[in-house]
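Chains as they are written, first to last, in our numbering: chain F, 23 to 366; chain S, 23 to 366. No residue lacks a Cβ here, since even glycine has one placed at the ideal position from N, Cα and C. Each remark here refers to the structure printed beneath this line.
Number of protein chains: 2
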Amino acid sequence: MTRPRVTIVDVARHAGVSTTAVSKVVRNAPGTSAQMRSRVLAAVEHLGYRPSAAARALRGRTDTIGVVLPDLRNPFFADILDGVTEHLASSDHQLFMASSHDDEASEGRVTDALIDRSMDGVILVAPISSRRRLEHVAHTVPTVVVGRHGPAAGYDIVADDDFAGAGLVVAHLAELGHRRIAHIEHHETDPVRLAEMPNARRADGYRHAMRAHGLGADIDVVSTTYNRDGGYRGARRLLDRAERPTAIFAGADIVAMGVLDALTEAGLSVPGDISVAGYDNITFAAFAPVALTTVDQTGHRIGRTAARLLLERIADRSRPTSQVTFFPALVARRTTAPPSLSSR
Amino acid sequence: MTRPRVTIVDVARHAGVSTTAVSKVVRNAPGTSAQMRSRVLAAVEHLGYRPSAAARALRGRTDTIGVVLPDLRNPFFADILDGVTEHLASSDHQLFMASSHDDEASEGRVTDALIDRSMDGVILVAPISSRRRLEHVAHTVPTVVVGRHGPAAGYDIVADDDFAGAGLVVAHLAELGHRRIAHIEHHETDPVRLAEMPNARRADGYRHAMRAHGLGADIDVVSTTYNRDGGYRGARRLLDRAERPTAIFAGADIVAMGVLDALTEAGLSVPGDISVAGYDNITFAAFAPVALTTVDQTGHRIGRTAARLLLERIADRSRPTSQVTFFPALVARRTTAPPSLSSR
DNA sequence: ATGAAAGCGCTAACAA
DNA sequence: TTGTTAGCGCTTTCAT
Chain F
23 MTRPRVTIVD VARHAGVSTT AVSKVVRNAP GTSAQMRSRV LAAVEHLGYR
73 PSAAARALRG RTDTIGVVLP DLRNPFFADI LDGVTEHLAS SDHQLFMASS
123 HDDEASEGRV TDALIDRSMD GVILVAPISS RRRLEHVAHT VPTVVVGRHG
173 PAAGYDIVAD DDFAGAGLVV AHLAELGHRR IAHIEHHETD PVRLAEMPNA
223 RRADGYRHAM RAHGLGADID VVSTTYNRDG GYRGARRLLD RAERPTAIFA
273 GADIVAMGVL DALTEAGLSV PGDISVAGYD NITFAAFAPV ALTTVDQTGH
323 RIGRTAARLL LERIADRSRP TSQVTFFPAL VARRTTAPPS LSSR
Chain S
23 MTRPRVTIVD VARHAGVSTT AVSKVVRNAP GTSAQMRSRV LAAVEHLGYR
73 PSAAARALRG RTDTIGVVLP DLRNPFFADI LDGVTEHLAS SDHQLFMASS
123 HDDEASEGRV TDALIDRSMD GVILVAPISS RRRLEHVAHT VPTVVVGRHG
173 PAAGYDIVAD DDFAGAGLVV AHLAELGHRR IAHIEHHETD PVRLAEMPNA
223 RRADGYRHAM RAHGLGADID VVSTTYNRDG GYRGARRLLD RAERPTAIFA
273 GADIVAMGVL DALTEAGLSV PGDISVAGYD NITFAAFAPV ALTTVDQTGH
323 RIGRTAARLL LERIADRSRP TSQVTFFPAL VARRTTAPPS LSSR
């Protein structure tokens, strides 16, 4: 069924040279005559030889980098990956992805799996593991953490200023005349994650901005999860309030989707009855029938930067770590408008 | 910066046993006393030993399977992956994904990369490579092809009956009273792909069903691409028709998204002015403000089945190939309705 | 410029 | 039950 692998030995024999020679030619290493090159390449072609990455891995690099994503359904991660892929295209690294399914234990397993398979480097997107664990990973393999803040210890960080981004949304809604602006956040209790995770920073930014706009008394946060169902549940709870909010700021666009599910189901119009804003500016937010007001954190640029930092670290593992923060921008679309007179 | 790897030799020395013993214990292989087990496991724990997958790969299996996806933005693939992941959870295989970015050359590179890294098996989702190429891959590594039809040569196939699915949509629209039902397909010229790719089968099913319903004269196919932009461009062209269609059947839900973008932009209401149907039943189709009529091809079940077949083939590479086809179901939601009287 | 040989970490015969 | 040893395919000194 399956034919035996063509190895470097087969090529060497076929070309009548040493395996060393083949190795050099294949790797474009110096010290080969033009004549030898052509003979070896002919044999490679003839036999259909492909170097075994496994054998190479045993001697060092694998030319493979791994990305751990929390969730394949949130299109924001596709934006990040586009950026990573773009930057990696200039190198000869292969990119493999694995999902942690939003679960800490699974995230650990997947990261270990990547390390066991000797990835040259890993990019962890919005990881939820403990900082100690992240430091351990970074100690073992060049690591870049995306979308999580906090003191970098051994790894580079690329993130968006979530605190400021949340402020942009609140300012936008307050200017439109909203006072009862509610926020749906991803539930979080761990103290480190409360300081480092984007969801927590957005919630903090929301609270801070509400106070700054004199709306401290109207702060209203519902804790669910950063996915569509979390948005649905959060909105349901907000709709049950004695006094409904006039605007809902969902911590992520995917959460806003769930909010819109719930509002549609309840027969409410957006933004007529209630305004909705998200965060991430996933391509879905631009979907015309929705036209979601959101915050653009340029996932593409984040991904590119992460890939660049990772390659730099792979090239020089002792280079000092850096922390890049991008400032986000508000993208006002059609789900936000001044509150209706009756509800004001 | 990075500490040297803990190897099986370190563990053996620490536990005062042979490397063979460690290897056996770690793999739960037979032939180890309880006493030896505990000593070895203690050493493993103490030293934080993790077997090198690269070294294992050189001896055989890697416990890794690779999935090649055309595109990370089409949420239908996430449904398939959920199914794959679910089935794989019962085995100790790790799942890595790679994107081909809808490009044949890239698909080839990515598949080679997976083979080079000695994956135990690969799942190719809606691959566009030539059949010869697929046979080559299957000849090299256990392979399951998902979402592409055709004579199986060396690989298993799991797909949905796209021809029948398209018929369900046409029947639904015809029953509602539509006659001018247009179809947006993914442009295809390669003869083999015309016979095997889901997009081509759906287009064939559309034409066949139109004739079966006596609407042969109204057949109207626009060729673009299976992504959101393709849907947008296709709809624009249909709106420019002297006599507009009353219903648009997009070959995929993601295409329908683009159609809805265009219709919204043109100020047309759905289904008031025009009905829209998709295919795939991605979770987005259930998004309440849209409520897209579509065809459910149970990506989850397809993924589960693909994973099962792959594990079976890994266990026995000579077992005969099988071809599983699932029958799809229409999911009628709110984007389809009888045509308006004026346009009839 | 070219090649011989050691060895990366692990598993699988085979011996004891 | 336990250990010795020969590779898996490649890269890398080190000779030539």
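Three-way DSSP call (helix, strand, coil) for residue i in this model
i      : result
F/S245 : strand
S/L103 : helix
S/V66  : helix
S/D182 : strand
S/G203 : The sequence shown places Ile at residue 203 of chain S, rather than the Gly named in the question. Correct three-state label for S/I203: strand.
F/A175 : coil
F/R266 : coil
S/Y71  : coil
S/I430 : The structure shown does not extend to residue 430 of chain S, since chain S is modelled only from 23 to 366, so the question has no answer here.
F/P213 : helix
F/F309 : coil
F/T162 : helix
F/I304 : coil
S/D338 : coil
S/H235 : coil
F/D32  : helix
S/V3   : In the structure as shown, chain S starts at 23 and stops at 366, and residue 3 of chain S therefore has no counterpart that could be examined.
S/T327 : helix
F/V292 : coil
S/A225 : helix
F/G252 : helix
S/T278 : Sequence inspection shows Ala at residue 278 of chain S; the Thr mentioned does not correspond to that position. Helix, per DSSP.
S/R356 : coil
Contact set for residue i: own chain, Cβ-Cβ below 7 Å, skip 5 residues either direction
i      : result
F/T316 : D275, A299, G300, Y301, D302, N303, A307 and V353
F/Y177 : L156, A160, T165, V166, V167 and T343
S/R368 : Residue numbering for chain S in the displayed model covers 23 to 366; residue 368 of chain S lies beyond these limits and cannot be assessed.
S/E210 : L216, M219, N221 and A222
S/G88  : F118, A120, L136, M141 and V144
S/D226 : F185
F/D240 : R201, R202, I203 and M232
F/G238 : M232
F/D85  : D114, H115, Q116 and D142
Beta-carbon proximity list for residue i, same chain, < 6 Å, skipping 5 on both sides
i      : result
S/H109 : R326, A329 and R330
S/T358 : P293, S297, A299 and T315
S/Q345 : A174 and I179
F/Y254 : G280, D283 and A284
F/V47  : T54, R59 and V62
S/A269 : L195, H200, I203 and S297
DSSP beta-bridge partners of residue i
i      : result
S/E287 : In DSSP, S/E287 forms no bridge with anything.
F/M219 : DSSP lists no partner for F/M219.
S/M119 : F/M119 and S/V89
S/L146 : S/V90 and S/V167
S/A299 : S/F271 and S/T315
S/A351 : S/D318
S/H208 : S/T246
S/Q57  : According to DSSP, S/Q57 bridges with nothing at all.
F/V346 : F/V180
Residues of its chain near residue i, where Cβ-Cβ distance is below 8 Å and the 5 sequence neighbours each way are ignored
i      : result
F/S45  : I30 and A51
F/V244 : A204, H205, I206, E207, G256, R259 and L260
S/L190 : V317, P350, A351 and L352
| field | Cβ-based contacts, 7 Å cut-off: residues of the stretch 92 to 116 of chain S near chain F | value | Listed in sequence order: L94, R95, P97, A100, L103 and Q116.
| said: Which residues of the stretch 68 to 92 of chain S have a Cβ closer than 8 Å to any Cβ of chain F? Give them in chain order. | reply: If the cut-off is 8 Å between Cβ atoms, the stretch 68 to 92 of chain S has R72, P73, S74, A75, A76, A77, A79, L80, T84, T86 and G88 near chain F.
| said: Check whether the stretch 245 to 259 of chain F and the stretch 170 to 184 of chain F are in contact - that is, three or more C-beta pairs closer than 8 Å. | reply: Touching, no.
| field | Three or more C-beta pairs below 8 Å linking the stretch 127 to 147 of chain S and the stretch 66 to 73 of chain S | value | In this structure the stretch 127 to 147 of chain S does not touch the stretch 66 to 73 of chain S; the number of beta carbon pairs closer than 8 Å is below three.
| said: Would you call the stretch 301 to 312 of chain F in contact with the stretch 347 to 361 of chain F, where contact means no fewer than 3 C-beta pairs closer than 8 Å? | reply: Touching, yes, given that three or more Cβ pairs across the two stretches are closer than 8 Å.
| query | If you pair each beta-carbon of the stretch 51 to 59 of chain F with each one of the stretch 106 to 122 of chain F, do three or more pairs fall below 8 Å? | reply | Under the three-pair Cβ rule at 8 Å, the stretch 51 to 59 of chain F does not count as touching the stretch 106 to 122 of chain F.
| Got a sec: which bits of the stretch 312 to 331 of chain S sit with their beta carbon under 9 Å from any beta carbon on chain F, in order along the chain? | Going along the stretch 312 to 331 of chain S in chain order, one finds V312 and A313 with a Cβ nearer than 9 Å to chain F.
| Stretch-stretch touch, CB-based, cutoff 8 Å, three pairs: the stretch 138 to 158 of chain F with the stretch 86 to 105 of chain F | Per the Cβ contact rule, the stretch 138 to 158 of chain F is in contact with the stretch 86 to 105 of chain F (3 or more Cβ pairs under 8 Å).
| Within the chosen definition, does the stretch 31 to 41 of chain S reach the stretch 79 to 88 of chain S through at least 3 CB pairs nearer than 8 Å? | Counting Cβ pairs under 8 Å, fewer than three are found: no touch.
| said: Taking beta-carbon pairs under 7 Å, can you tell me which members of the stretch 162 to 175 of chain F lie near chain S? | reply: Answer in chain order: T162.
| task | Closer than 9 Å, Cβ to Cβ, to anything on chain F: give me those residues from the stretch 123 to 153 of chain S, in chain order. | result | Residues are counted here when their Cβ sits less than 9 Å from a Cβ of chain F; for the stretch 123 to 153 of chain S these are H123, R131, V132, D134, A135, L136, I137, D138, R139 and S140, given in chain order.
| message | Along the stretch 280 to 293 of chain F, where does the CB come closer than 7 Å to a CB of chain S? Name the residues. | response | Considering only beta carbons, the part of the stretch 280 to 293 of chain F lying closer than 7 Å to chain S consists of L282, D283, T286 and E287, in chain order.
| request: Check distances from the C-beta atoms of the stretch 245 to 275 of chain S to those of chain F and list, in chain order, the residues that come in under 8 Å. | output: Identification of residues in the stretch 245 to 275 of chain S having a C-beta nearer than 8 Å to some C-beta of chain F yields R250, given in sequence order.
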